[in-house]
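Chemist:
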Amino acid sequence: MSLPPIVALEIGTATVRALVGELTEEGQLIVSGVGECPSRGVRKGEITDFDNALSCVREALQKAEDNSHVTINAVHLLVSGGHIRSRVNRGTAPVLNDVGEITAEEIQNAEKMARAVSLPTGHEVLHTILQRYLVDENLPVVNPEGLEGTKLTVDMLIVHGQCNAMRNIVKVVRSAQVDVADVAFSGLCAALAVLTPAEKNNGVLMIDLGGGTTDFVAYAEERLADAGAFAVGGDHISNDLAFGLRLPLAEAERLKLEFGTAIPDYAARNQSVTASPGTGQPPRQVRLSDLQMIAHLRIEETLVLVREQIRQSKLISKLGSGVVLTGGGSRLKKVDQLAEKIFGLPCRVGKPREVSGMTAVMEQPECSAVVGMLRYAARSLPPRGGFLDTIVNIFRRKS
Amino acid sequence: MNASLRLMEGDGAAASAAPYRLLVVGVGGGGSRAARHVATLLDHGPTIVAVDSDDQALKETGLPVQLSIGRALTRGFGAGGDAAIGKIAAEDEENKLRNLVEGMDLVFVITTLGGGTGSGAAPVVARIAHEQSALTICFASTPFDFEANRDKDAAQEALRQLRMHSDATICMPNQRLLEIVPDQATLKSTFDASDHMISMAVIGIWKLLTETGLIRLNFSDLKNLVENSGGACSFGYAEGAGPDKAKQATQALLTSPLLDHGNVIAQADAFLLNILGGPDLALLDVQQVMSNIQKVARRDAKIFMGATVDNDWQGRLMVTVLAAEHWVAAKPLIAQPSSAPATEAPPAAAATPAAPEKPGEAAATPELGQKELVFEKHNRGRFDKVEPTIHGGEDLDVPTFHRRGVKILSDRG
Chain A
1 MSLPPIVALE
11 IGTATVRALV
21 GELTEEGQLI
31 VSGVGECPSR
41 GVRKGEITDF
51 DNALSCVREA
61 LQKAEDNSHV
71 TINAVHLLVS
81 GGHIRSRVNR
91 GTAPVLNDVG
101 EITAEEIQNA
111 EKMARAVSLP
121 TGHEVLHTIL
131 QRYLVDENLP
141 VVNPEGLEGT
151 KLTVDMLIVH
161 GQCNAMRNIV
171 KVVRSAQVDV
181 ADVAFSGLCA
191 ALAVLTPAEK
201 NNGVLMIDLG
211 GGTTDFVAYA
221 EERLADAGAF
231 AVGGDHISND
241 LAFGLRLPLA
251 EAERLKLEFG
261 TAIPDYAARN
271 QSVTASPGTG
281 QPPRQVRLSD
291 LQMIAHLRIE
301 ETLVLVREQI
311 RQSKLISKLG
321 SGVVLTGGGS
331 RLKKVDQLAE
341 KIFGLPCRVG
351 KPREVSGMTA
361 VMEQPECSAV
371 VGMLRYAARS
381 LPPRGGFLDT
391 IVNIFRRKS
Chain B
1001 MNASLRLMEG
1011 DGAAASAAPY
1021 RLLVVGVGGG
1031 GSRAARHVAT
1041 LLDHGPTIVA
1051 VDSDDQALKE
1061 TGLPVQLSIG
1071 RALTRGFGAG
1081 GDAAIGKIAA
1091 EDEENKLRNL
1101 VEGMDLVFVI
1111 TTLGGGTGSG
1121 AAPVVARIAH
1131 EQSALTICFA
1141 STPFDFEANR
1151 DKDAAQEALR
1161 QLRMHSDATI
1171 CMPNQRLLEI
1181 VPDQATLKST
1191 FDASDHMISM
1201 AVIGIWKLLT
1211 ETGLIRLNFS
1221 DLKNLVENSG
1231 GACSFGYAEG
1241 AGPDKAKQAT
1251 QALLTSPLLD
1261 HGNVIAQADA
1271 FLLNILGGPD
1281 LALLDVQQVM
1291 SNIQKVARRD
1301 AKIFMGATVD
1311 NDWQGRLMVT
1321 VLAAEHWVAA
1331 KPLIAQPSSA
1341 PATEAPPAAA
1351 ATPAAPEKPG
1361 EAAATPELGQ
1371 KELVFEKHNR
1381 GRFDKVEPTI
1391 HGGEDLDVPT
1401 FHRRGVKILS
1411 DRG
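Sequence order for the protein chains is A and B.
Residues in the first sequence are numbered from 1 upward in steps of one, following the numbering used here.
Residues in the second sequence are numbered from 1001 upward in steps of one, following the numbering used here.
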C-alpha cells in the first residue's frame, strides 16, 4: 500500500514544473505524473509578472493532473533566489540536574537557542538543520542523551531568505486555488535527489545550475555545512550571447544549447555557425569562438562565485567526493571539466537517483530539485500549518 | 580600564569642536546606567540623556538631563518588566522626545533589553530620532543565557523593533561577556563589564568621528556603512601595548568574543576599522593590523579604514571594528564603472528612458556603433524588472565579457 500522492511544484526561471509522486512503504519513489510549462514572468527565481506566472502555474498543474489522474489540492513548493543564505548558529545549554547527565530537556533547550538567530531585516528562517552536538564544547557526539557533561552545545545551519520574495511565490500558487503544504529551498532538495550517502559522508559540493539561479549545498565532516544561492544562471548566458552576438534572446538560447560549451574548443576557432537574427532579416554567420568565449566567461564566473563562497567557509579541503553538478546548466558541454579545473576537485554531473515511474522524464538534471522535493515531502511529517513554519528534521538523518 | 578612562577625559576640546551634533540617550534602567558610564568616560563630549520610567533609578544616574516617562501609567515606579508599558510610556511623551532629538545629526540609543522600559521604550525613541532624520544607531545588550526565557523572548522582539526603526543596531549579547570576565567575577562587576562594553562601543565611534585622523574616517563613511547594513552591525575592540602592540591588538581582536572569535570579520560584507595610536604610531603598525585583518576578511569585503592619533596613547594601540554582515553597496558606488560607456550607447538604448537610473544597464549595450540593428531593443528588458545582482561591487546582470573588456569580433570581418 502506498501513501497518498505528493505534488512538488517548482516555479523556475526557465520552466514551471509540477511533479506527482508516490512513495511506497519500501521507500521507493514513483513518479506518476508531470506537468511542464515554459516559464513567463519569472526572473532570477523571483516573480516579476504575477499574471504570466500564474497562467504558467495553472497550465503546469493542469497537465500534471491530466497525466497522473490525480486532483491537485496542495503542493510542496520550491523556492530559490539570490536572497537565500545560510549561517551556522550555536546554542548552548548547561546541564542542571544533579547527576550531570544530558537529558531530552537539555537537548531541547540547546536546540531552541540554536534556532533563535538574528537575521537581516525582512528575512525569514526557511530551514533549521541540525549539524552536530558537542558535549562540553569539545566532544562531538551523535546522540548526547544519557551522556555526562556540564554543558551541551548544538550547531544549526539556518537557511533563510527574503520574506517578500518567498511570499510572492506562495501567492501565485494560492491564486491558482491550490494550497501550499510546505516550502523548501530548492538547493537542499536537489542535494537530496542527486547525492549518494557515500558522497555526503565524504564531503561534497552540489551545484544546481538553474535558469535564473545557481544554488549550492555543501556537505563536510558528515554534516550539512553550507547552503545558498546566487541570482545568476543559464539565463545570463543566453542574455550575454544575445548582447554579444546581437541576436534575439530565443535565437541566443538556441545557439547556446546547440553550440555552447564551457571550455572553448580551439580546433573550432575559425568555424562559424548560421544564426537567424529575426523576422525579415537574412541569416548571418556568427563566429563559433565568440559564442563559446561568451558562454565560457559567464559559466566560469558563476562557478568562481561558488568557489569563493566555499573558500570563505573553509570547506574546500573537506570535499572528499568533489563536486556534483546538476540542473539544466549541467548539460552545457564540458562544464564538468571546467568545474574540475576551477575547484581542483573531481566533478560529475548528477541526475535524480532512485526514482522509478516516468523515467524518461525523470532522468534529466533539470528535474533534480523537484524530484528531491518529493523525497523531502515524503519523508517529513504530515503537513504542517503556517507559511515557512518549517522546522526541518529530515536533514539530520544523513542517509 | 582606568588608563583608557583618563584618556577619554582629555578629549573635551576635540569633542566639543566636532561638527556633528551627537545625542546619547540611555533608555531604561540598564541604558541609563550605561549612559552614565559613557558620561564619566567622555567628560565634555556629547549631550547625554537618561530616559526611564523609574524616578528613583533616574535620580541615581546623576545625569544633568533626565526625562521621566509614563508617570501617568507607572507613577514613577518603573514598567515592572512589561515592554508594553514601556512602549506606551514612551509614546505618551512623544513630543518631549521629539524636542530632545530635534536637530541632531547622530543619535545613539543605548539600552539593555529584556526589561520593561528598555525593551518597550527604546524602539520608540529610535523611531522618533529616525523620523527626525538623525542617523540613528542603537546599542543594545541582550540578556545572559541564565535570565528568564520570557525576558529573552522580549529582548528578541525588541531587537527586531530596534532594527526596524534605526539605521543600525549593534547588538551585544551579555553572554559573550562570560568569556571575558574572570570566573570568580561578582555579579556587579559582570554588569559593570556590560556597561563598559556598551560604553566602549559608543566612545569608539565617537572618537573615530572627532579625533584628528591621519587616515580620516568621516561621518559619511559611517553613514554609508550603517545605512546599507540592513540594520545589523557588530562591534568589537582590542588593545595592545609595547613593541608588538599591533600584533597584540590584532590577535586580541580576532579572538574577541565580541566579534565571535573573528567569525564576524570573516563573514562581514563590509566593516569600518579604526586604529587609534599615540604619536609613535608607525606605518608598519597600520600595515601589520591591516594585512592581518585582510587575511581573515572576505576578499570582496568593503573596508572603511581609519587611523587616528591621540597623545595619550603613546606606546599603545587600539583597534575598533564596526562590521555589517549584510551590506549592500550604495548605488553611486556601482554606477561609477559603468557610467563611461553610457555616453557611447547607441540610440537603441536611448529608447529606454529609464537607462540612467539603473546602473549597469547602459553599459550592457555593446559599444559597437551598429545603429541599423534595431532588434536590440527587445533584448534589453531581460533583467529590467528585477533588482540588479550586485556582488563585490559588480553588477552581474551585465554580460561578463563586457565587464572583462573582451572584444567580440563577429560580423566585423
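Heads up, the beta-carbon is just placed ideally off N, CA and C, and yes, glycines get one too.
What does M293 (chain A) touch in chain B if you count any residue whose Cβ is under 9 Å from its own?
Modeler: Correct list: F1401, V1406 and I1408.
Chemist: Identify the contact partners of F1139 (chain B) in chain A, using a Cβ-Cβ distance below 9 Å as the criterion.
Modeler: Under the 9 Å cutoff, chain A gives no residues; its nearest Cβ is about 15 Å from F1139 (chain B).
Chemist: Closer than 8 Å, CB to CB, is C1233 (chain B) near chain A or not?
Modeler: Judged by the 8 Å Cβ criterion, C1233 (chain B) is not in contact with chain A.
Chemist: Restricting to Cα atoms, I'd like to know which of B:L1162, B:R1160 and B:Q1294 is closest to I1265 (chain B).
Modeler: Ranking B:L1162, B:R1160 and B:Q1294 by Cα distance to I1265 (chain B) puts B:Q1294 first.
Chemist: May I have a chain-ordered list of the alpha helix (DSSP H) segments no shorter than 4 residues that lie completely inside the stretch 1205-1285 of chain B?
Modeler: Qualifying alpha helix (DSSP H) stretches, in chain order: 1219-1227, 1245-1255 and 1263-1267.
Chemist: I'd like to check one pair, G260 (chain A) with D235 (chain A): are the Cβ atoms closer than 8 Å?
Modeler: Cβ atoms of D235 (chain A) and G260 (chain A): not closer than 8 Å.
Chemist: Leaving out five residues before and five after G340 (chain A) in sequence, what residues of the same chain have Cβ atoms less than 7 Å from its Cβ?
Modeler: Residue identity differs from the one stated: residue 340 (chain A) is Glu in this sequence, not Gly. Excluding residues within five positions, the ones whose Cβ falls inside 7 Å are P346 and C347.
Chemist: Any idea what DSSP makes of F1144 (chain B), helix, strand or coil?
Modeler: In the structure shown, F1144 (chain B) sits in coil (DSSP, three-state: anything other than H, G, I, E or B).
Chemist: Please give me, in chain order, every unbroken run of the alpha helix (DSSP H) with length at least 4 that falls completely inside the stretch 217-300 of chain A.
Modeler: The stretch 217-300 of chain A contains these whole alpha helix (DSSP H) runs: 234-245 and 249-259.
Chemist: Provide the residue span of the beta strand (DSSP E) that contains I158 (chain A), from first to last.
Modeler: Element bounds for I158 (chain A): K151 to Q162.
Chemist: Smallest Cα separation from I316 (chain A): which of A:S68, A:A262, A:A64 and A:N202?
Modeler: Of the listed residues, the one whose Cα sits closest to I316 (chain A) is A:N202.
Chemist: Along the chain, where does the beta strand (DSSP E) containing K341 (chain A) start, and where does it finish?
Modeler: Segment V335 to F343 is the alpha helix (DSSP H) holding K341 (chain A); no beta strand (DSSP E) there.
Chemist: Which residues mark the beginning and the end of the beta strand (DSSP E) in which E111 (chain A) is found?
Modeler: Careful: E111 (chain A) lies outside any beta strand (DSSP E), inside the alpha helix (DSSP H) at A104 to R115.
Chemist: Where does E1179 (chain B) land, buried or exposed, given buried means 16+ other C-beta within 10 angstroms?
Modeler: Flag for E1179 (chain B) reads exposed.
Chemist: At a CB distance below 7 Å, what residues from the stretch 1151-1177 of chain B approach chain A? Give them in sequence order.
Modeler: Of all residues in the stretch 1151-1177 of chain B, Q1156, L1159, R1163, M1164 and C1171 have a Cβ within less than 7 Å of some Cβ in chain A.
Chemist: Which residue marks the beginning of the beta strand (DSSP E) containing T128 (chain A), and which one marks its end?
Modeler: Note, T128 (chain A): beta strand (DSSP E), H123 to V135.
Chemist: Should Y266 (chain A) be labelled buried (16 or more other beta-carbon atoms within 10 Å of its own) or exposed?
Modeler: That one is exposed.
Chemist: Can you give the beta carbon distance from F1401 (chain B) to G233 (chain A), rounded, assuming they're within the 8 Å contact cut?
Modeler: Contact doesn't hold; Cβ gap of about 17 Å is too wide.
Chemist: By how many angstroms is the C-alpha of G322 (chain A) removed from the C-alpha of T214 (chain A)?
Modeler: Their backbone Cα atoms lie some 17 Å apart in a straight line.
Chemist: Go ahead and label S1229 (chain B) buried or exposed: buried means 16 or more other beta carbons lie within 10 angstroms of its beta carbon, across all protein chains shown.
Modeler: The residue in question, S1229 (chain B), is buried, as its Cβ has 16 or more Cβ neighbours within 10 Å.
Chemist: Within 10 Å of its beta-carbon, does P197 (chain A) have 16 or more other beta-carbons around it, so buried, or fewer, so exposed?
Modeler: Answer is exposed; the Cβ neighbour count stays below 16.
Chemist: Taking Cβ positions only, does V273 (chain A) come closer than 8 Å to chain B?
Modeler: Output row for V273 (chain A): interface = no.
Chemist: Does the pairing of the stretch 18-27 of chain A with the stretch 134-151 of chain A give three or more beta-carbon distances under 8 Å?
Modeler: Judged by Cβ distances under 8 Å, the stretch 18-27 of chain A makes no contact with the stretch 134-151 of chain A, as fewer than three pairs qualify.
Chemist: Which class does H69 (chain A) belong to by DSSP, given the choice of helix, strand or coil?
Modeler: Coil, per DSSP.
Chemist: Going along chain B, which residues have a C-beta under 8 Å from Q312 (chain A)?
Modeler: Those are A1266, Q1267 and R1298, listed as they occur along chain B.
Chemist: Quick check on the DSSP output: the beta strand (DSSP E) that includes R348 (chain A) runs from which residue to which?
Modeler: C347 to V349 is the span of the beta strand (DSSP E), which, as asked, contains R348 (chain A).
Chemist: What does a CB cutoff of less than 8 Å around R43 (chain A) pick up in its chain, not counting 5 residues either side in sequence?
Modeler: The answer, listed in chain order, is T13, G212 and D235.
Chemist: Quick one: Cα of A1035 (chain B) to Cα of A1268 (chain B), how far?
Modeler: Computed Cα separation, rounded: 28 Å.
Chemist: Apply the 10 Å Cβ neighbour rule to I1215 (chain B) and answer buried if 16 or more other Cβ atoms are within range, or exposed otherwise.
Modeler: Flag for I1215 (chain B) reads exposed.
Chemist: In the DSSP assignment, what are the bridge partners of A1391 (chain B)?
Modeler: The sequence given here has His at residue 1391 (chain B), not Ala. H1391 (chain B) is bridged to B:E1394.
Chemist: Hey, quick one: how far does the beta strand (DSSP E) through F1108 (chain B) stretch, first residue to last?
Modeler: F1108 (chain B) -> beta strand (DSSP E) spans L1106 to T1112.
Chemist: Skipping 5 residues on each side, what residues in its chain have a beta carbon closer than 6 Å to that of G350 (chain A)?
Modeler: Here the set comprises V194, V324 and T326.
Chemist: At the 8 Å Cβ level, is R307 (chain A) part of the contact set with chain B, yes or no?
Modeler: For R307 (chain A), the answer is no, since every Cβ of chain B falls outside 8 Å of its Cβ.
Chemist: Which residues of chain B have a Cβ atom closer than 9 Å to the Cβ of T13 (chain A), listed in chain order?
Modeler: Here the premise fails: no neighbours, minimum Cβ distance about 10 Å.
Chemist: Between the stretch 76-84 of chain A and the stretch 246-261 of chain A, do three or more beta carbon pairs fall short of 8 Å?
Modeler: These segments do not touch.
Chemist: Taking just the CA atoms, how far does V154 (chain A) sit from G91 (chain A)?
Modeler: Straight-line Cα distance between these residues: approximately 5 Å.
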